[in-house]
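**Student:** Here it is, the structure in full.
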Amino acid sequence: MRVHRRIIGGLILLTWLLTVGWQVRREYFQPEVTRLAEAARALAPGTEFYALRMGGRSVGLATSRLDTVPDGFLLDDVMTLELPALGRTGRAVVRTRVRLSPALVLQRFEFSLDSDVGRFQATGAVAGDTVLEVSVEAGGEPQKLSYRLSEPPIFAAVLPIRVAVGGELEVGETYRLPIFDPSALAMRTVEVQVDAHDTIVVPDSAAYDSVAGAWVAARFDTVPSWLITERYGGVEVSSWVDEDGRIVRASSPLGFAMERTEYEIARWELEQARLLAGSPLDNDIILSTAVQSDVDLGDVEQHDVLRFRLSGVELSGFELSGGRQELRGDTLIVRRERWGELEPGYSLPYKKMDLKDALVAEPLIQSDDPRIMGQARQIAGWRMSWQLEPKRVAQRLTGAVNAMLEKEITFSVPSAVQVLEAQKGDCNEHTVLYVALARALGLPARTAVGLVYVDGRFFYHAWPEVWLGQWVAVDPTFGQVPADAGHLRFVTGGLANQVEIVRLIGKLNIEVLE
Numbered sequence: 042m043r044v045h046r047r048i049i050g051g052l053i054l055l056t057w058l059l060t061v062g063w064q065v066r067r068e069y070f071q072p073e074v075t076r077l078a079e080a081a082r083a084l085a086p087g088t089e090f091y092a093l094r095m096g097g098r099s100v101g102l103a104t105s106r107l108d109t110v111p112d113g114f115l116l117d118d119v120m121t122l123e124l125p126a127l128g129r130t131g132r133a134v135v136r137t138r139v140r141l142s143p144a145l146v147l148q149r150f151e152f153s154l155d156s157d158v159g160r161f162q163a164t165g166a167v168a169g170d171t172v173l174e175v176s177v178e179a180g181g182e183p184q185k186l187s188y189r190l191s192e193p194p195i196f197a198a199v200l201p202i203r204v205a206v207g208g209e210l211e212v213g214e215t216y217r218l219p220i221f222d223p224s225a226l227a228m229r230t231v232e233v234q235v236d237a238h239d240t241i242v243v244p245d246s247a248a249y250d251s252v253a254g255a256w257v258a259a260r261f262d263t264v265p266s267w268l269i270t271e272r273y274g275g276v277e278v279s280s281w282v283d284e285d286g287r288i289v290r291a292s293s294p295l296g297f298a299m300e301r302t303e304y305e306i307a308r309w310e311l312e313q314a315r316l317l318a319g320s321p322l323d324n325d326i327i328l329s330t331a332v333q334s335d336v337d338l339g340d341v342e343q344h345d346v347l348r349f350r351l352s353g354v355e356l357s358g359f360e361l362s363g364g365r366q367e368l369r370g371d372t373l374i375v376r377r378e379r380w381g382e383l384e385p386g387y388s389l390p391y392k393k394m395d396l397k398d399a400l401v402a403e404p405l406i407q408s409d410d411p412r413i414m415g416q417a418r419q420i421a422g423w424r425m426s427w428q429l430e431p432k433r434v435a436q437r438l439t440g441a442v443n444a445m446l447e448k449e450i451t452f453s454v455p456s457a458v459q460v461l462e463a464q465k466g467d468c469n470e471h472t473v474l475y476v477a478l479a480r481a482l483g484l485p486a487r488t489a490v491g492l493v494y495v496d497g498r499f500f501y502h503a504w505p506e507v508w509l510g511q512w513v514a515v516d517p518t519f520g521q522v523p524a525d526a527g528h529l530r531f532v533t534g535g536l537a538n539q540v541e542i543v544r545l546i547g548k549l550n551i552e553v554l555e
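Every number in the working numbering is 41 more than the matching position in the sequence shown, counting from 1.
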């Protein structure tokens, strides 16, 4: 149990948050379309290469290509990530292709994230400037989503390009822009501020240094650049962009950096980093985001009630109160539910409409897929006399998912169907599969995201909550029914809500109160 907790605790959505950190530039911008189309003619097509680093070590490389095509532009971005996590390396590839009008307005897009668990893919097209039709594929049948638009959309990395083309790179200017985020399948508002102007030196060509045995910069170029900061949900992503709006440097809240360079240099850095794969590293993605505890709680499962003083971040907007948790000022009280005292007050399936959102299928929670439904019924022993008892079903699902999945760190945006097929994953995979199985049986379930105490640290983590007369935390990753009081919930719901957790990283302090 302790080994599994050390390996798994804390990986919830870190990969998604990292990739979205570079994909966050999705918005709607409002300058004159005709003026923009005219200004966009000056955009220079070309390909830029980037080194991705964490703590000074290479963790990937990226390519961004802008082409002119009949009646517009085509933007192709590819990002390869190789992230250190507890002596292992997690790999993911993110691809984005965007077809733009002459005024840089989104016409259609393709977005995908490939990992060991499978592929998450979203494709979409704008119909009549007022509707964005999106198709999501993540192991099951394609899911169709539709978004009503108040104005023609701009997408992804096009934001800084659009700002530059629109003549908006003026230091001190701030804009609030509605965006569509394909990795979260949600609309959101981003605040963009132009903070500074400077000149940045970047490699202009590369040569192989036979003495050092390395690719190095042969020549350099000076690039006039503007610093823009994008804020959404308490998250900040800062980027230096050139006069065309192409990224020169960028940084994310997770400590990652993106820097323009030559392809040979970025590839060589990544090859050198691979030689260190499996070795202890200070910039481990899990350990570097953990919050140190000031008190050793020992076997945390022995505590019925725990109290924590939270500081360093604004707590408003988080779901800290409700059910097992109570927030008093800056003190969070977490009480582990008494399993024997819970009275669900219903038999499965739950029939009231008040919890509809916790029962329906979603693009990543395919509770209506025949494979999920069949597995759920098999686990629950659907023909047994106690089949309709919610507590019994919740227990069986927790044990079954814990036993079913091999404990392995993955870097993905998983779906329940993919996890069922892959039979492996971390807390994210355990949670999405559990929630889908529960909903397939009519047991209301939702995803909770926050931190969990493991061996003197608090790690970012995900677990399910099920409705048993109240929302009750269970943890199939650790096989806990109910989950221990060392689980601190901050948000519930899907990816669109979970992005809020990023504003805690590197800022949250937790003091354990005796």
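The beta carbon of each residue, even a glycine, is placed where N, CA and C say it ideally should be.
#1: Exposed or buried, ASN443, counting other C-beta atoms within 10 Å across all chains shown (16 or more means buried)?
#2: Please state whether the Cβ-Cβ distance between GLY159 and VAL175 is less than 8 Å.
#3: Hey, VAL490 and VAL473 are a contact pair by Cβ (cut 8 Å); roughly how many whole angstroms apart?
#4: Just to confirm the assignment, what range does the beta strand (DSSP E) spanning HIS528 have?
#5: Are there three or more Cβ pairs, one per stretch, closer than 8 Å when the stretch 178 to 190 is compared with the stretch 393 to 413?
#6: If you draw a straight line from the C-alpha of ARG47 to the C-alpha of GLY466, how long is it?
#7: Using the Cβ count rule (16 or more neighbours within 10 Å means buried), how would you classify ARG315?
#8: Return yes when the Cβ of ALA237 is within less than 8 Å of the Cβ of LEU268, no when it is not.
#9: How should ARG217 be labelled, buried or exposed, when 16 other C-beta atoms within 10 angstroms of its C-beta is the threshold for buried?
#10: Can you grab the Cα-Cα spacing for the pair GLY339 / ASP496, in whole Å?
#11: When DSSP labels each residue in this structure, what does ALA179 get in the three-state scheme?
#12: Got a sec? Which residues, its chain only, sit under 8 Å from VAL172 by beta carbon, not counting five neighbours each side?
#13: Could you please give the first and the last residue of the uninterrupted alpha helix (DSSP H) stretch that includes GLU305?
#14: For HIS502, which three-state DSSP category applies?
#15: Between the beta-carbon of THR533 and the beta-carbon of GLU303, is there less than 8 Å?
#16: Take ARG487 as the anchor and find which of ASP398, GLN521 and LEU549 has the nearest alpha-carbon.
#17: In whole angstroms, give me the CA-to-CA distance for VAL206 and ARG308.
#18: Just how far apart, CA to CA, sit VAL543 and HIS344?
#19: Given a threshold of 16 other Cβ atoms within 10 Å of its Cβ, counted over all protein chains shown, does THR372 qualify as buried or as exposed?
#20: Can you look up ALA133 in the DSSP assignment and give me helix, strand or coil?
#21: Considering only residues of the stretch 454 to 507, which uninterrupted beta strand (DSSP E) runs meet the minimum length of 3 residues and lie entirely inside it, listed in chain order?
#22: Please report the Cβ distance between THR215 and VAL233, rounded to the nearest whole angstrom; I am assuming they are in contact, meaning their Cβ atoms lie under 8 Å.
#23: Measuring CB to CB, does LEU351 end up less than 8 Å from ILE551?
#24: Three or more C-beta pairs under 8 Å: does that hold for the stretch 505 to 514 against the stretch 362 to 369?
#25: Residues in the same chain with beta-carbon distance under 8 Å from TYR558, minus the five sequence neighbours each way, listed in chain order, please.
#26: Report yes if the C-beta distance between LEU102 and LEU311 is below 8 Å; otherwise report no.
#27: Quick check on the DSSP output: the beta strand (DSSP E) that includes GLU341 runs from which residue to which?
#28: Would LEU400 count as contacting chain D if we go by Cβ distances under 8 Å?
#29: Would you mind giving the Cβ-Cβ distance between LEU389 and LEU484, rounded to the nearest angstrom? I have them listed as a contact below 8 Å.
#30: Using DSSP's beta-bridge definition, name the partner residues of VAL172.
#31: What is the rounded straight-line gap between the Cα of VAL204 and the Cα of PHE452?
#32: Just the Cα atoms here: how many angstroms apart are GLY169 and GLN148?
**Tutor:** The structure says:
#1: Counted from its first residue, the sequence shown places residue 443 at position 402. Classification for ASN443: buried.
#2: Your numbering for residue 159 matches position 118 in the sequence shown. Your numbering for residue 175 matches position 134 in the sequence shown. No; because the gap between Cβ atoms is not below 8 Å, this pair is not in contact.
#3: Working through the sequence shown from its first residue, we reach residue 490 at position 449. Working through the sequence shown from its first residue, we reach residue 473 at position 432. Actually they do not touch by this definition, with Cβ atoms about 12 Å apart.
#4: For the purposes of this step, residue 528 is identified with residue 487 of the sequence shown, where counting begins at 1. Segment 528 to 533, the beta strand (DSSP E) holding HIS528.
#5: yes
#6: Your numbering for residue 47 matches position 6 in the sequence shown. Your numbering for residue 466 matches position 425 in the sequence shown. Because the pLDDT at ARG47 is just 34, under 50, the model does not fix this residue reliably, and the point stays unresolved.
#7: Position 274 of the sequence shown, counted from the first residue, corresponds to residue 315. It counts as exposed.
#8: Position 227 of the sequence shown, counted from the start, is the residue given in the question as residue 268. Position 196 of the sequence shown, counted from the start, is the residue given in the question as residue 237. It is a contact, given that the beta carbons lie within the stated cut-off.
#9: Along the sequence shown, one-based indexing puts residue 217 at 176. The residue is exposed, with fewer than 16 neighbouring Cβ atoms inside 10 Å.
#10: Here residue 339 refers to the residue found at position 298 when the sequence shown is read from its first residue. Here residue 496 refers to the residue found at position 455 when the sequence shown is read from its first residue. Distance between the alpha carbons of GLY339 and ASP496: 7 Å.
#11: As a working mapping, residue 179 is identified with position 138 in the sequence shown. If DSSP states are grouped into helix, strand and coil, ALA179 belongs with coil.
#12: The count along the sequence shown starts at 1 and reaches residue 172 at position 131. Answer for VAL172: SER187, TYR188, ARG189 and LEU190, listed in chain order.
#13: Within the sequence shown, numbered from 1, the residue matching residue 305 stands at position 264. Here the alpha helix (DSSP H) through GLU305 covers 304 to 315.
#14: On the sequence shown, residue 502 is found 461 positions in, with the first residue counted as 1. In this structure, HIS502 counts as strand in the three-state DSSP scheme.
#15: Along the sequence shown, one-based indexing puts residue 533 at 492. Along the sequence shown, one-based indexing puts residue 303 at 262. No, these two residues do not count as a Cβ contact at 8 Å.
#16: Here residue 487 refers to the residue found at position 446 when the sequence shown is read from its first residue. Cα-wise, what sits closest to ARG487 is ASP398.
#17: If you number the sequence shown from 1, residue 206 lands on position 165. If you number the sequence shown from 1, residue 308 lands on position 267. So the two alpha carbons sit approximately 31 Å from each other.
#18: Here residue 543 refers to the residue found at position 502 of the sequence shown. Here residue 344 refers to the residue found at position 303 of the sequence shown. If you take the alpha carbons of VAL543 and HIS344, they lie about 28 Å apart.
#19: Numbered from its first residue, the sequence shown carries residue 372 at position 331. The residue is exposed, with fewer than 16 neighbouring Cβ atoms inside 10 Å.
#20: Mapped onto the sequence shown, residue 133 falls at position 92. Looking at ALA133 - three-state DSSP - the assignment turns out to be strand.
#21: 486 to 495
#22: As a position in the sequence shown, residue 215 is number 174, starting the count at 1. As a position in the sequence shown, residue 233 is number 192, starting the count at 1. So it is a contact: roughly 7 Å between Cβ atoms.
#23: Working through the sequence shown from its first residue, we reach residue 351 at position 310. Working through the sequence shown from its first residue, we reach residue 551 at position 510. Taking 8 Å as the Cβ cut-off, LEU351 and ILE551 qualify as a contacting pair.
#24: yes
#25: The requested residue 558 is not part of the displayed model; the chain covers only 42 to 555.
#26: Here residue 102 corresponds to residue number 61 of the sequence shown, with the count starting at 1. Here residue 311 corresponds to residue number 270 of the sequence shown, with the count starting at 1. Yes.
#27: For this step, residue 341 is matched to residue 300 along the sequence shown. Sequence check: residue 341 is Val here, not Glu. Looking at the DSSP string, VAL341 is not in any beta strand (DSSP E), and its letter there is neither H nor E.
#28: Here there is only one protein chain, and chain D is not present.
#29: To locate residue 389, count along the sequence shown from 1; it is residue 348. To locate residue 484, count along the sequence shown from 1; it is residue 443. Contact holds; Cβ gap of about 6 Å.
#30: As a first step, residue 172 is located in the sequence shown; it is residue number 131 there, counting from the start. In DSSP, VAL172 forms a bridge with ALA168 and ARG189.
#31: In the sequence shown, the residue the question calls residue 204 occupies position 163. In the sequence shown, the residue the question calls residue 452 occupies position 411. Taking the straight line joining both Cα atoms gives about 32 Å.
#32: The residue given as residue 169 occupies position 128 in the sequence shown. The residue given as residue 148 occupies position 107 in the sequence shown. Taking the straight line from one Cα to the other gives about 10 Å.
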